[in-house]
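**Student:** Protein chains in written order, with my numbering: chain A, -7 to 289; chain B, -7 to 289.
1. Can residue 267(A) and residue 232(A) be called in contact, C-beta distance under 8 angstroms?
2. With distance defined between alpha-carbon atoms, name the residue in 18(B), 41(B), 24(B), 147(B) nearest to residue 31(B).
3. Please classify residue 52(B) as buried or exposed, where buried requires at least 16 neighbouring CB atoms within 10 angstroms.
4. Considering only DSSP beta bridges, list what residue 264(B) is partnered with.
5. Scan the stretch 84 to 164 of chain A and note each continuous beta strand (DSSP E) run of 3 residues or more that stays entirely inside, going in chain order.
6. Scan the stretch 160 to 177 of chain A for residues whose Cβ lies nearer than 8 angstroms to a Cβ of chain B and list them as they occur along the chain.
7. Could you spell out where the alpha helix (DSSP H) holding residue 205(B) opens and where it closes?
8. On a Cα-Cα basis, can you pick out the residue from 216(B), 241(B), 104(B) that is closest to residue 230(B)?
9. Cβ atoms of residue 113(B) and residue 79(B): under 8 angstroms apart, would you say?
10. Considering only residues of the same chain and omitting the five flanking positions on each side of residue 207(B), which have a CB-CB separation below 6 angstroms?
11. Can at least three beta-carbon pairs, one atom from the stretch 124 to 140 of chain B and one from the stretch 152 to 159 of chain B, be found at a separation below 8 angstroms?
12. If you draw a straight line from the alpha carbon of residue 180(A) to that of residue 128(A), how long is it in whole angstroms?
13. Assess contact between the stretch 234 to 253 of chain A and the stretch 169 to 178 of chain A, defined as three or more Cβ pairs (one per stretch) separated by less than 8 angstroms. Is contact present?
14. Per DSSP, residue 182(B) is paired with what?
15. Hey, is the stretch 118 to 128 of chain B in contact with the stretch 85 to 100 of chain B, meaning 3+ C-beta pairs nearer than 8 angstroms?
16. Can you find a C-beta in chain B that's less than 8 angstroms from the C-beta of residue 101(A)?
17. Just the Cα atoms here: how many angstroms apart are residue 153(B) and residue 163(B)?
18. Count the other C-beta atoms from every protein chain shown that fall within 10 angstroms of the C-beta of residue 74(B), then say buried if there are 16 or more, exposed otherwise.
19. I believe residue 189(A) touches residue 142(A) by the beta-carbon criterion, under 8 angstroms. Please report the beta-carbon distance rounded to the nearest angstrom.
20. Of the residues -1(A), 60(A), 220(A), 82(A), which one's Cα is nearest the Cα of residue 13(B)?
21. For residue 12(B), does the three-state DSSP call read helix, strand or coil?
22. Round the Cβ separation of residue 269(B) and residue 76(B) to the nearest angstrom and send it over; I've been treating them as touching at under 8 angstroms.
23. Is residue 41(B) helix, strand or coil by DSSP?
24. Considering only residues of the same chain and omitting the five flanking positions on each side of residue 286(A), which have a CB-CB separation below 7 angstroms?
25. Count the other CB atoms, across all protein chains shown, that sit within 10 Å of the CB of residue 68(A); report buried if there are 16 or more and exposed otherwise.
26. Leaving aside the five residues before and after residue 122(B) along the sequence, list all residues of the same chain whose C-beta is less than 8 angstroms from its C-beta, in chain order.
27. Give me the residue from 10(B), 187(B), 214(B) with the minimum Cα distance to residue 199(B).
28. So, with DSSP's three-state summary, where would you put residue 173(A)?
29. Can the beta-carbon of residue 45(B) be found closer than 8 angstroms to that of residue 64(B)?
30. Residue 25(A) and residue 41(A) - do their beta-carbons sit closer together than 8 angstroms?
31. Which bits of chain A does residue 137(B) rub up against, with CB to CB less than 8 angstroms?
32. If we ignore side chains and look at the alpha-carbon of each, how far apart do residue 66(B) and residue 43(A) end up?
33. Is the CB of residue 80(B) under 8 angstroms away from at least one CB in chain A?
34. Might you give, ordered along the chain, the residues of its own chain that have their beta carbon closer than 8 angstroms to the beta carbon of residue 271(B), omitting 5 neighbours on each side?
35. Is the CB of residue 31(B) under 8 angstroms away from at least one CB in chain A?
36. Is residue 243(B) near residue 187(B), with beta carbons less than 8 angstroms apart?
What follows is the structure in structure tokens.
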């Protein structure tokens, strides 16, 4: 009997996406951080995404409920940032055990509201229902100018790989519950250069770079010494811990250099060169060893 | 200690919605079947909603997975129908136990695809993650012409209340897993008359009419003998079983009569007069007794 545990996430998603056809309103469907849709406005594209948080998987009851609420919206805001867009509206489905304390639920919503206010998101609807454990699913709409949308499929051999912020230890330190999605940073970078590819780091630089490479039809070489790590984190942790929600970017060398120069003075979170994109090599990501990351099933 | 069980769904939602402010892109936020947003196109409004299904609450593992998948999308399509709109795109978050059979997951997605194809919905993205029980959350986008959007807040004293199809026994009979959202029916009705209010019946005619009355600032008198019931269902069941996903409509008497005449020949599911809207009476829905419906917590 084939179970999900045996199948794995990647093959599950391939199975799901197989044979999906979409209509003329859809610019890009399944496979990126957001779906990209035509809007009524010729200058703008609409972004659409969702992300689910489950108690016991993405947070525990010991976590502060306002931080859990913050995270539920922030992971979606991060998906919009990863396309170069601005978040606009969200709907929120919340499954709750009847035994849940009202004070816990109040905390969740306080965190959601705080994140919505911080990122200019209008919270416009949702659903509440009974569930054996707390589960929150947010769906988000965003907007991006046609010339500024960045997919994860556009990395070219010769591109420089850049990463914002620092990586590793997010779950252990609790940073995953209070991270700041890189909306302003992504907007600033897309205003200054044409990025070839971008995504947010949710599973870890290792596995996420692997996805970018596969989807762009390229390989990559990481430069271990350059990978920005949080204090106390090993290289292994910086590559595989996941839930950093920093941006991974591929840009042409001249653009990457200009962005690094600009960021040195103007981007408080920092921007680092972490590697280069190379022509596709069969079954090989690059010079690094184990790249496991977060295993969903 | 205050728990959700003690607080109840209605007070939970009031608590959630309290103090929510929205920006200029939002025509109608929390409180209707869908949120209503401006689109880039001056003639159209955008609809946005989500609905979550949880194993053990909305379905059991004994249910056919393709029917569960169908239902997960259909409840959202029904929300769009209830505003007079057409469904367009959906994203789907799926939480799954690692022990789930791949054949079960394939079944879920087969049902989702079948519903998407039947209602012209483009499935454009989603999220999969680990969860202790199966949980599916769909978020949907739709469109409706400005002059055709129908809220649940517009019922006037003197209006006639209409219901499509028949009510009761949906859970027991398994109809809740294979119902057909009333998109075409709602479009046909809004093309023929200006409806004052509309919503889909998810909790049962009794409790849902109560919501329409509260949100419209009116009361209503149901005519028990006229309520269309499924074979073998008592009046009590037709009022309170829930999950019928039929449309409840309030329209001016002349419009209601015209619609009833037209429906008699043209609407296979049927359209029935079930009562009238009256001026607000404190604490009273009308001539009927117990109106309990589905209790979420």
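Beta carbons are placed, not taken as given, at the ideal position from N, Cα and C, and that holds for glycine.
Source: prediction; values computed, not measured.
**Tutor:** Here's the rundown:
1. Residue mapping note: residue 267(A) aligns to position 275 of the first chain, counting from 1. Residue mapping note: residue 232(A) aligns to position 240 of the first chain, counting from 1. Between residue 267(A) and residue 232(A), the C-beta spacing is not below 8 angstroms.
2. As a first step, residue 31(B) must be located in the second chain, where it is residue number 39. 18(B) is the residue among 18(B), 41(B), 24(B), 147(B) whose C-alpha sits nearest the C-alpha of residue 31(B).
3. Along the second chain, one-based indexing puts residue 52(B) at 60. So residue 52(B) ends up on the exposed side.
4. By 1-based counting over the second chain, the position of residue 264(B) is 272. Per DSSP, 155(B).
5. Listed in chain order, they are 114 to 122, 127 to 137, 152 to 156.
6. If the cut-off is 8 angstroms between Cβ atoms, the stretch 160 to 177 of chain A has nothing near chain B.
7. The residue given as residue 205(B) occupies position 213 in the second chain. Boundaries of the alpha helix (DSSP H) around residue 205(B): 197 to 208.
8. For the purposes of this step, residue 230(B) is identified with residue 238 of the second chain, where counting begins at 1. The candidate whose alpha carbon is nearest that of residue 230(B) is 216(B).
9. What you label residue 79(B) is simply residue 87 of the second chain in a count that begins at 1. What you label residue 113(B) is simply residue 121 of the second chain in a count that begins at 1. Their beta carbons are under 8 angstroms apart, which means residue 79(B) touches residue 113(B) by this criterion.
10. The count along the second chain starts at 1 and reaches residue 207(B) at position 215. The answer, listed in chain order, is 144, 145.
11. Touching, no.
12. Translated into the one-based positions of the first chain, residue 180(A) becomes position 188. Translated into the one-based positions of the first chain, residue 128(A) becomes position 136. Looking at the backbone, the Cα of residue 180(A) and that of residue 128(A) are separated by about 30 angstroms.
13. Touching, per the Cβ criterion.
14. Position 190 of the second chain, counted from the first residue, corresponds to residue 182(B). Residue pairing by DSSP places residue 182(B) in no beta bridge whatsoever.
15. Enough Cβ pairs lie closer than 8 angstroms, so yes.
16. Stepping through the first chain from its first residue, residue 101(A) is reached at position 109. Between residue 101(A) and chain B, the shortest Cβ-Cβ separation is below 8 angstroms.
17. Start at 1 with the first residue of the second chain, and residue 153(B) comes out as number 161. Start at 1 with the first residue of the second chain, and residue 163(B) comes out as number 171. Their Cα atoms are separated by approximately 24 angstroms.
18. The residue given as residue 74(B) occupies position 82 in the second chain. Residue 74(B) is buried by the Cβ-count criterion.
19. On the first chain, residue 189(A) is found 197 positions in, with the first residue counted as 1. On the first chain, residue 142(A) is found 150 positions in, with the first residue counted as 1. Residue 189(A) to residue 142(A), Cβ: 7 angstroms. Contact.
20. Sequence index remark: in the second chain, residue 13(B) carries index 21 (1-based). The shortest C-alpha separation from residue 13(B) is found at 82(A).
21. As a working note, residue 12(B) is residue 20 in the second chain. Taken through DSSP and simplified to helix, strand or coil, residue 12(B) comes out as coil.
22. Sequence index remark: in the second chain, residue 269(B) carries index 277 (1-based). Sequence index remark: in the second chain, residue 76(B) carries index 84 (1-based). Wrong, their Cβ atoms sit about 19 angstroms apart, outside the cutoff.
23. Walking along the second chain from the start, residue 41(B) turns up at place 49. Three-state DSSP puts residue 41(B) in a strand.
24. Taking the first chain and counting its residues from 1, one reaches residue 286(A) at position 294. Low confidence applies to residue 286(A): its pLDDT is 46, below 50, so where it sits in the model is not reliable, and the reading given next is rough at best. Listed in chain order, the non-local C-beta contacts of residue 286(A) below 7 angstroms within the same chain comprise 195, 196, 234, local neighbours out to five positions each way being set aside.
25. Counting from 1 along the first chain, the entry for residue 68(A) is found at position 76. Buried is the call here.
26. Reading the second chain from its first residue, position 130 is the one you call residue 122(B). For residue 122(B), where only same-chain residues beyond five positions count, the Cβ hits under 8 angstroms are 87, 88, 89, 90.
27. By one-based count along the second chain, residue 199(B) stands at place 207. Checking every option, the nearest Cα to that of residue 199(B) belongs to 214(B).
28. Here residue 173(A) refers to the residue found at position 181 of the first chain. If DSSP states are grouped into helix, strand and coil, residue 173(A) belongs with coil.
29. For the purposes of this step, residue 45(B) is identified with residue 53 of the second chain, where counting begins at 1. For the purposes of this step, residue 64(B) is identified with residue 72 of the second chain, where counting begins at 1. Result yes, Cβ atoms of residue 45(B) and residue 64(B) sit closer than 8 angstroms.
30. If you number the first chain from 1, residue 41(A) lands on position 49. If you number the first chain from 1, residue 25(A) lands on position 33. In this structure, residue 41(A) lies near residue 25(A), with their beta-carbon atoms less than 8 angstroms apart.
31. The residue labelled residue 137(B) in the question sits at position 145 within the second chain. Within chain A, no residue has its beta carbon less than 8 angstroms from that of residue 137(B); the closest one is some 12 angstroms off.
32. Counted from its first residue, the second chain places residue 66(B) at position 74. Counted from its first residue, the first chain places residue 43(A) at position 51. Pairing residue 66(B) with residue 43(A), the inter-Cα distance amounts to about 20 angstroms.
33. Counting from 1 along the second chain, the entry for residue 80(B) is found at position 88. Answer yes: the Cβ-Cβ gap between residue 80(B) and chain A drops below 8 angstroms somewhere.
34. Indexing the second chain from 1 puts residue 271(B) at position 279. For residue 271(B), same chain residues with a beta-carbon under 8 angstroms away, outside a window of 5 residues either side, are 149, 210, 211 in chain order.
35. The residue labelled residue 31(B) in the question sits at position 39 within the second chain. So, interface residue.
36. The residue you call residue 243(B) lines up with position 251 of the second chain. The residue you call residue 187(B) lines up with position 195 of the second chain. Note that the C-beta distance between residue 243(B) and residue 187(B) is below 8 angstroms.
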